[in-house]
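Peer 1: Before we start, here is the structure in question, set down as C-alpha cells.
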Amino acid sequence: MINFWMALGIIQSPNDKMEVEDMGKLCFNELCNRSFFQYLEDTPDGHGQSIVTNLVKLKKVRSIFLNYETDEEPNIEESFLSTCISRFRYLRLFYLKGFSFEVLPSSIGTLKHLRYLSLNRNKKIKKLPDSISKLQSLQTLYLGGCSELEELPRDISNLVSLRTLSITTKQTCFPENGVGRLRSLRALYIFECKNLRSLPHDMRFCTTLSTLFIFKCEQLDLASRPDQVMQLSLQTLVISELPKTTALPQWLGGAAHTLQILLIKDCPKLVALPEWLPNLTSLQTLGIVGCPKLSSLPEGMQRL
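Numbering-wise (full-length UniProt numbering), the sequence shown opens with residue 1 and increments by one.
In C-alpha cells form, the structure reads like this:
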C-alpha cells in the first residue's frame, strides 16, 4: 500500500531526516486507527474479462491493478499489454500479480512516469526487455515468483530511482554493475532463486539498503564472498531456508550500529554466529529458529 502511495505521488517526506517509507507507515497507521480500511471477503471471479475489456476503453488512466490470487495461471495477451502501454502514456502504477505471459513488450520503456511495476508470480516470462532499464522514475519492481526468469535486465543499474526490488531468477550469480549499483535501493527481497550461489559482488555499494530478505535459495552460501566489512545502513535482515549457509558473512558487521531486526530461520548447516553480533548496538529483535547445529551464542551477548 505504501509503495502504491509513493508511485502515485500521494505521500512525500516532510524533511530530509524522514524517509518516504516511514512517512507512509505513519499515514497508514493513522488511517487504520480511524477505521478507513475495511477487509473485503473474496468474491467469485466472474467479471475479470469484462474488467480487462472495459479497461482499454478508458483514456486518463494512471493506475492498472490486476491481482489474481488463485492457483490457476490466467493468461494476458501481449496485445492487451501493448495497448495499455501505448494508450496510457502517463501510467504510474502497473500491477499484474498472478498473471502469466511470455513477453513484456519492449515499449514498456516508453512509460517515463511509471513508478511501480509488479510481475509477481508470472510463471511463463523468461526474459525482460532491456528497455525496462530506461524507466528512470521507477521506484518499485516486483519480480518475485517469476520462476522461469533466466536473468535480470541488462543495465538494471540505470534504474536510478529504484527503492524496492523483489527477485526470483534462475541465475547462479548476479552480474557486476547490476543490483549492487542501485544507489537508491532501500529494500531487497531475494527468494526462490534455486540456482543462486552468491550475493552480488558489489553489495558494498548498497549503502542506502535498509531491508534485506533472503529465503528459499537452495544453493546460496552467504559466506561464499570474501569477508570485507562494508558501511551499511541495514535495519532489518531476514534469512530463511538456506540449507547451504554455514555462517553469516563478516561484511554484515558494517551494519553494527543500524541493524534493529535479525531473524534467522531454517538454516540447518549454520554452526556459528559472527563475533560482531554483540556489537549490534541498535538491535531490538533477535530470532533464531531451526538451526540445529548452532550450539552457542558469541561471548558478550549480555551487552545487547
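A virtual CB, placed ideally from N, CA and C, is assigned to each residue, including glycine. Only a predicted model underlies this, so the values are computations on that prediction, with no experimental measurement involved.
Is the beta carbon of Asn-120 closer than 8 Å to that of Phe-101?
Peer 2: Their beta carbons are not under 8 Å apart, which means Phe-101 does not touch Asn-120 by this criterion.
Peer 1: Just grab the DSSP bridge partners of Val-289 for me.
Peer 2: Lys-265
Peer 1: List the residues that DSSP assigns as beta-bridge partners of Leu-117.
Peer 2: Phe-94 and Leu-141
Peer 1: Nearest-angstrom Cα distance between Glu-19 and Leu-263?
Peer 2: Straight-line Cα distance between these residues: approximately 23 Å.
Peer 1: From the DSSP output, which residues share a beta bridge with Asn-67?
Peer 2: Lys-97
Peer 1: So, at 7 Å on beta carbons, what are the nonlocal neighbours of Leu-297 in its own chain, with the 5 sequence-adjacent residues on each side left out?
Peer 2: Leu-273
Peer 1: Quick check on the burial criterion: 16 or more other C-beta atoms within 10 angstroms. Buried or exposed for Ala-7?
Peer 2: buried
Peer 1: Report the rounded CA-to-CA distance for Lys-265 versus Ile-132, giving the unit in angstroms.
Peer 2: 34 Å
Peer 1: Have a look at Gly-98 and Leu-135 and give me their C-alpha separation to the nearest angstrom.
Peer 2: 23 Å
Peer 1: Please tell me whether Ile-156 and Gly-180 are closer than 8 Å, where the distance is taken between their beta carbons.
Peer 2: no
Peer 1: Report the three-state DSSP secondary structure of Ile-167 (helix, strand or coil).
Peer 2: strand
Peer 1: Alpha carbon to alpha carbon, how far is Leu-253 from Leu-128?
Peer 2: Per the sequence presented here, residue 253 reads as Gly, with Leu not at that position. Gly-253 and Leu-128: Cα-Cα distance of roughly 35 Å.
Peer 1: Applying the 10 Å Cβ sphere with the 16-neighbour rule, what's the burial state of Tyr-39?
Peer 2: Any reading at Tyr-39 needs caution, since the residue's pLDDT is 43, under 50, leaving its predicted position unreliable; the model's value is listed next. Under this definition Tyr-39 is an exposed residue.
Peer 1: If you draw a straight line from the C-alpha of Ile-51 to the C-alpha of Cys-206, how long is it?
Peer 2: Any answer about Ile-51 is weak, because its pLDDT of 45 lies below 50 and its placement is not dependable; what the coordinates show is given next. About 40 Å.
Peer 1: Can you look up Ser-210 in the DSSP assignment and give me helix, strand or coil?
Peer 2: coil
Peer 1: Grab me the residues of Gln-171's own chain with a C-beta within less than 8 Å of its C-beta, minus the 5 sequence neighbours each way, in chain order.
Peer 2: Glu-150, Glu-151, Leu-152, Cys-193, Asn-195 and Leu-196
Peer 1: Taking Leu-260 and Ser-282 to be in contact with their CB atoms under 8 Å, please state how far apart those CB atoms are, rounded to whole angstroms.
Peer 2: Going by the sequence as given, residue 260 is Gln instead of Leu. About 5 Å; that satisfies the 8 Å criterion.
Peer 1: What does DSSP give as the partner residue(s) for Asn-158 in the beta ladder?
Peer 2: Per DSSP, none; premise fails for Asn-158.
Peer 1: With DSSP as the reference, label residue 305 as helix, strand or coil.
Peer 2: With the chain represented from 1 up to 304, any question about residue 305 goes unanswered, as that position is not in the structure.
Peer 1: Only counting runs of 3 or more residues, tell me where the beta strand (DSSP E) segments fall wholly within the stretch 231-283, in order along the chain.
Peer 2: List check, beta strand (DSSP E) in window: 236-240 and 261-265.
Peer 1: Does DSSP classify Leu-188 as helix, strand or coil?
Peer 2: strand
Peer 1: So Leu-212 and Leu-182 are supposed to be a Cβ contact under 8 Å. How far apart are they, rounded?
Peer 2: Going by Cβ atoms, the distance from Leu-212 to Leu-182 rounds to 13 Å, so no, they are not a contact pair.
Peer 1: According to DSSP, simplified to helix, strand and coil, what is Phe-88?
Peer 2: coil
Peer 1: Tell me which residues share the same chain as Ser-240 and place their Cβ nearer than 6 Å to its Cβ, disregarding the 5 neighbours each side in the sequence.
Peer 2: Phe-215, Lys-265 and Asp-266
Peer 1: Between the alpha carbons of Asn-280 and Gln-302, how many angstroms are there, rounded?
Peer 2: The displayed chain sequence assigns Leu, not Asn, to residue 280. So the two alpha carbons sit approximately 11 Å from each other.
Peer 1: Comparing alpha-carbon positions, which option in Lys-126, Arg-163 and Thr-245 lies nearest Gly-290?
Peer 2: Thr-245
Peer 1: Using the Cβ count rule (16 or more neighbours within 10 Å means buried), how would you classify Asp-71?
Peer 2: exposed
Peer 1: Any beta carbon of chain B sitting closer than 8 Å to that of Gly-300?
Peer 2: As a matter of chain content, chain B is missing from the structure shown, which is built from one protein chain.
Peer 1: Taking DSSP's pairing of strands, which residues face Phe-215 in a bridge?
Peer 2: Phe-191 and Ser-240
Peer 1: Do Leu-81 and Leu-114 come within 8 Å of each other at the CB atom, strictly closer than that value?
Peer 2: Not closer than 8 Å, so no.
Peer 1: Would you list the residues sitting across from Asn-75 in a DSSP beta bridge?
Peer 2: Ser-100
Peer 1: Between Asn-158 and the rest of its own chain, which residues show a CB-CB distance below 8 Å, the 5 nearest in sequence each way excluded?
Peer 2: Ser-133, Lys-134 and Gln-136
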